[in-house]
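>
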Amino acid sequence: MDPKLELIANYECGTGENPLWHPVEKRLYWVDIPNGRLFRYDPATGKHENFYTGDVIGGFTFQADGGLLLFMAHGGVKLWHDGKLTDVISHMEHEEGSRFNDVIADPEGRVFCGTMPFEQRMGSLYRLDTDGSIHHIMGDVSISNGMGFTLDRKQMYYTDSRKHVIYIFDVDQATGELSNQRDFVRTDPNEGVPDGMTVDAEGYVWSARWDGYCLVRYTPEGKEEQRINFPTKKVSSVIFGGKDYTDMYVTTAGGYDKAENGETAGALYRVNVGIRGLPEFYSKVRVNA
């Protein structure tokens, strides 16, 4: 029997994504990628709002010293703080036709950030270091997507959606270098594509299924252990939050076509199955304001 799903907010997002719990503010943030909208929800009051609308935002992190680090189109990265935008990277030469799609801060405050494919080239994975320099990690990516770290922080998961695979890499914690790429999970192409993901406090991986109507939980060995079904087709990402990190916040997409994707397509959900998550890391990228 599936657990109770609680619909928190329905902004009919084209691509609701990147849910992220702010451990100090005790609020949940998320984005509607193509419409450049940022939202936040306060469970203490039940209030939610669309607090920013601008250019396309593929993902974001919380900066340790305040503000949101926004990963945008054309390889652009900006800091949003108190309503002001500051360039970190104005654009990237080889990403003029693309945009960022999913990002994650690592324990040292670096940010791994992936891009979408476009006519001229496939997608890529980059690493933005704390000094503001950006480094190409890998190319030939179909759709760069969800990432997460093992509990010992020595390995990183990375999703390539259209290849239907979640990879796992070894991570050099001192430098952020990735090595020893291998498959963690290969998913059934008939059950949607793996999208955003997170890792819980037991070291299990939760992977959202775009076009698959569900969330899937995997053991650290890559075996499916649990599945939660949703009434909407494009389940895009998941994060833990709440006072004890047992609330899972789940974004969905496809609000532009409810006939195809379901009446609540593009909504934010909450579900609690009694499993605890962990706080995500802050980015610590230096910004010259």
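Heads up: the sequence shown at position 190 corresponds to 202 in the working numbering, and the numbers run straight through without jumps.
Idealized CB from N, CA, C, for every residue including glycine.
Since the model is a prediction, treat every value here as computed from it, not as a measurement.
1. Using the DSSP secondary-structure output, state which residues sit across from T187 in a beta bridge.
2. Following the continuous beta strand (DSSP E) through E61, name the residue where it begins and the one where it ends.
3. Where does R174 fall in DSSP's three states?
4. Can you list, in chain order, the stretches of the beta strand (DSSP E) that have 3 or more residues and sit fully within the segment 247–293?
5. If you reduce the DSSP assignment to three classes, tell me which class H106 lands in.
6. I need the boundaries of the beta strand (DSSP E) containing D54, first residue and last residue.
7. Are the CB atoms of Y53 and L280 within a distance shorter than 8 angstroms?
8. Using a Cβ distance threshold of 8 angstroms, determine whether the segment 263–270 contacts the segment 19–38, with at least three qualifying pairs required.
9. Where N62 and R165 are concerned, what is the direct C-alpha to C-alpha distance, given to the nearest angstrom?
10. Just to confirm, are P119 and P291 a CB contact at a threshold of 8 angstroms?
11. Helix, strand or coil: which one does DSSP assign to E18?
12. Note the first and the last residue of the continuous beta strand (DSSP E) segment covering F124.
13. If you draw a straight line from the alpha carbon of V43 to that of N192, how long is it in whole angstroms?
14. From I251 to K296, what distance separates their C-alpha atoms?
15. Would you mind reading off the limits of the beta strand (DSSP E) that contains T98?
Quick answer:
1. Stepping through the sequence shown from its first residue, residue 187 is reached at position 175. Per DSSP, none; premise fails for T187.
2. Against the sequence shown, residue 61 aligns to sequence position 49. Residues K59 to T65.
3. Within the sequence shown, the letter at position 162 stands for residue 174. Helix.
4. 259–265 and 279–283
5. Start at 1 with the first residue of the sequence shown, and residue 106 comes out as number 94. Here H106 sits in helix by DSSP.
6. The residue you call residue 54 lines up with position 42 of the sequence shown. Where D54 is concerned, the enclosing beta strand (DSSP E) stretches over R49 to D54.
7. Looking up residue 280 in the sequence shown gives position 268. Looking up residue 53 in the sequence shown gives position 41. Result yes, Cβ atoms of L280 and Y53 sit closer than 8 angstroms.
8. Segments in contact, yes.
9. Here residue 62 is taken as the residue at index 50 of the sequence shown, counted from 1. Here residue 165 is taken as the residue at index 153 of the sequence shown, counted from 1. Approximately 34 angstroms between the Cα atoms of the pair.
10. Mapped onto the sequence shown, residue 119 falls at position 107. Mapped onto the sequence shown, residue 291 falls at position 279. Their beta carbons are not under 8 angstroms apart, which means P119 does not touch P291 by this criterion.
11. For this step, residue 18 is matched to residue 6 along the sequence shown. In the structure shown, the three-state DSSP call for E18 is strand.
12. Residue numbering aside, residue 124 sits at position 112 when the sequence shown is read from its first letter. Looking at the DSSP string, the run of the beta strand (DSSP E) that includes F124 is V123 to T127.
13. Locating residue 43 in the sequence shown gives position 31, counting from the first residue. Locating residue 192 in the sequence shown gives position 180, counting from the first residue. Between V43 and N192, the C-alpha separation is close to 32 angstroms.
14. Along the sequence shown, read from residue 1 onward, the residue named residue 251 stands at position 239. Along the sequence shown, read from residue 1 onward, the residue named residue 296 stands at position 284. Cα to Cα, the separation comes out at about 20 angstroms.
15. Within the sequence shown, residue 98 is the residue found at index 86, counting from 1. Looking at the DSSP string, the run of the beta strand (DSSP E) that includes T98 is K96 to I101.
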